[in-house]
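To start, the structure under review is shown below, and the notes come after it.
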Amino acid sequence: MPKKPLSEKAVREKLSEFLNWGEAHADWKSALSGIEEGKRGIRPEGIPHSLWDLLEHVRIAQWDIIEFTKNPKYKSPDWPAGYWPKSPAPPDAAAWDKSVKELFKGIKELQKITLDPKVQLDQKIPHGTGQTPLRQILLLADHNAYHLGQFVLVRRALDDWKGN
11 MPKKPLSEKA VREKLSEFLN WGEAHADWKS ALSGIEEGKR GIRPEGIPHS LWDLLEHVRI
71 AQWDIIEFTK NPKYKSPDWP AGYWPKSPAP PDAAAWDKSV KELFKGIKEL QKITLDPKVQ
131 LDQKIPHGTG QTPLRQILLL ADHNAYHLGQ FVLVRRALDD WKGN
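Okay, structure coming up:
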C-alpha cells in the first residue's frame, strides 16, 4: 500500500523544529550556556572571530532575514559592515544578555511564520528577487547552524566548552 505524502502541517512542524535543531550537534541553548564572561570578546589565535562577533552576527543576519521576509519596506544593512559588531567584545554583560534574548526571540518569530498556514511557503516574496518564505527558513537554519559550529569551535579554542 502506497504511503500518504506528508501533510503540509507536518512539513511546517518539521521545518519549525529544524530552526532550533540540536539532534545531530549542539544547539544554541547549550552553546550559550556557562560561558565565562571574560572570554566573550577574545579572538583566539588563528580564529578571526570572538564569541561576541559570532553571536551578534547571527542575531543581526537572522533579524535581516526575518524582516526582509515580513516587511516590503525593509532595507538590509550594508554588507559586510552592517552584519558584524564594531568590537570583538560586548560593551557589557547587559548587551550580551540582550543579544542572546534577541537571538531566541528571532528563532521563535520565524517558527511562528513557518507554522502559519496563511503563509504560502513556496510563493515568491513580492518585494524580493525570487525568494520564498521556504527559502528564507532554510537560509536562516543553514546560516545559524554554520555559525553555531564556529561558536563551539571558538569555545573549544578558549578552553571553555564542556560539551561534545
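In this note's numbering, the protein residues as written are 11 to 174.
Each residue gets a CB set at the ideal place from its N, CA and C atoms; glycine is no exception.
The model shown is predicted, which means the values in this text are computed figures rather than measured ones.
Distance between beta carbons of residue j and residue i, contact taken as under 8 Å
| i | j | result |
| --- | --- | --- |
| H67 | Y93 | 6 Å |
| I117 | L25 | Contact doesn't hold; Cβ gap of about 12 Å is too wide. |
| H153 | A71 | 6 Å |
Same chain only: Cβ atoms within 6 Å of residue i, ignoring 5 sequence neighbours per side
| i | result |
| --- | --- |
| S60 | G51, I52, R53 and P98 |
| S86 | D74 |
| R165 | W171 |
| I123 | V129 |
Length of the line joining the Cα atoms of residue i and residue j
| i | j | result |
| --- | --- | --- |
| L163 | K80 | 33 Å |
| V110 | I135 | 28 Å |
| M11 | E33 | 31 Å |
| T139 | E46 | 42 Å |
| G173 | E18 | 35 Å |
| P90 | Q133 | 28 Å |
| H102 | G48 | Reading off the sequence shown, one finds Asp at residue 102, where the question assumed His. In a straight line, the C-alpha of D102 is about 10 Å away from that of G48. |
| P15 | G44 | 43 Å |
| D169 | P127 | 45 Å |
| W62 | W106 | 8 Å |
| R145 | K108 | 28 Å |
Cβ pair residue i, residue j closer than 8 Å
| i | j | result |
| --- | --- | --- |
| Q141 | L29 | no |
| A41 | F114 | no |
| P95 | H137 | no |
| L149 | W38 | no |
| E112 | R69 | yes |
Neighbourhood of residue i by C-beta, 7 Å cutoff - its chain only, sequence neighbours within 5 removed
| i | result |
| --- | --- |
| S167 | The amino acid at residue 167 is misidentified as Ser; the sequence shows Ala. Same-chain partners within the cutoff: P54 and I57. |
| R22 | T124 and L125 |
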